[in-house]
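Engineer: Quick one: structure below, then a few questions.
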Amino acid sequence: MSIILVPIGKVDPVEMQALQASLATAFSGDVVPKKKIPLPATARNTARDQYDAEVVLEYLSLSGEIGGCDRVLGVTDVDLYLPGMNFVFGLAGRRNAVISLYRLRQSFYGLPEDVGVFRRRATVEAVHELGHTFGLAHCDDPRCVMRFSNTISETDVKGPAFCPVCRPRVRAGEATGR
Ligand SMILES: [Zn+2]
Ligand SMILES: [Zn+2]
Numbered sequence: 055m056s057i058i059l060v061p062i063g064k065v066d067p068v069e070m071q072a073l074q075a076s077l078a079t080a081f082s083g084d085v086v087p088k089k090k091i092p093l094p095a096t097a098r099n100t101a102r103d104q105y106d107a108e109v110v111l112e113y114l115s116l117s118g119e120i121g122g123c124d125r126v127l128g129v130t131d132v133d134l135y136l137p138g139m140n141f142v143f144g145l146a147g148r149r150n151a152v153i154s155l156y157r158l159r160q161s162f163y164g165l166p167e168d169v170g171v172f173r174r175r176a177t178v179e180a181v182h183e184l185g186h187t188f189g190l191a192h193c194d195d196p197r198c199v200m201r202f203s204n205t206i207s208e209t210d211v212k213g214p215a216f217c218p219v220c221r222p223r224v225r226a227g228e229a230t231g232r
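With our numbering, letter number 122 in the sequence shown gets 176, and the count goes up by one each step, no holes.
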């Protein structure tokens, strides 16, 4: 099992490295960084000044980075949305997922920057979306990484770890290559 990490558009390489290390810890597999791909112009909604997460995910899946049973995580620093939602932290498909770093910085909320908090949030969102690609649904345990979060405070309540119910399901998902 390996996870491929793809920056989409301009993303700080230092943050990509930090995410690579934290995902290697969170999952039992290799995390392989790949070259960045551009943001698809078709995903841009100029009126909202946001990118359609579905279109970005589709673009990622067509980028040719996926092979075998690998999971692909795209990371972008632009704001993502879905029609009918103000924003999303991330989105998962069957084997591909994408997260946005845009709303994970303290500065977004008018607070002093805290790189530790930012990286924890990035890991939580990345593990959550990858969890979906292993077949996991949302979990009711508020501390489980698979809990749905709609606000940054909900992201901060949960940690990057799977609860005892979800953890074996990830292993099962890894084994079947689902
Ligand atoms: Zn989710
Ligand atoms: Zn859980």
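Using N, Cα and C, we set each Cβ at its ideal position, and we do this for glycine too.
Quantities reported herein were computed from a predicted structural model and do not represent experimental measurements.
Hey, is residue 55 close to ligand 2, as in C-beta under 6 Å from one of its heavy atoms?
Structural biologist: In the sequence shown, residue 55 corresponds to position 1, counting from 1. No, ligand 2 has no heavy atom inside 6 Å of this Cβ.
Engineer: Specify which residues have a beta carbon nearer than 6 Å to any heavy atom of ligand 2, listing them in chain order.
Structural biologist: Output, sorted by chain position: 193, 195, 198, 200, 216, 217, 219 and 220.
Engineer: Does DSSP put residue 156 in a helix, in a strand, or in coil?
Structural biologist: One-based indexing of the sequence shown puts residue 156 at position 102. In the structure shown, residue 156 sits in coil (DSSP, three-state: anything other than H, G, I, E or B).
Engineer: For residue 71, count the other beta carbons within 10 Å of its own beta carbon; 16 or more makes it buried, fewer makes it exposed. Which is it?
Structural biologist: Numbered from its first residue, the sequence shown carries residue 71 at position 17. Exposed, since its Cβ has fewer than 16 Cβ neighbours within 10 Å.
Engineer: When burial is assigned at 16 or more other CB atoms within 10 Å of the CB, is residue 143 buried or exposed?
Structural biologist: As a first step, residue 143 is located in the sequence shown; it is residue number 89 there, counting from the start. Buried is the call here.
Engineer: Can you give me the Cβ contacts of residue 74 inside the same chain, cut-off strictly under 7 Å, excluding the 5 residues immediately before and after it?
Structural biologist: Indexing the sequence shown from 1 puts residue 74 at position 20. Result list for residue 74: 59, 85 and 87, in chain order.
Engineer: Per DSSP, what kind of secondary structure is residue 208 in: helix, strand or coil?
Structural biologist: If you number the sequence shown from 1, residue 208 lands on position 154. Residue 208 falls in the helix class under three-state DSSP.
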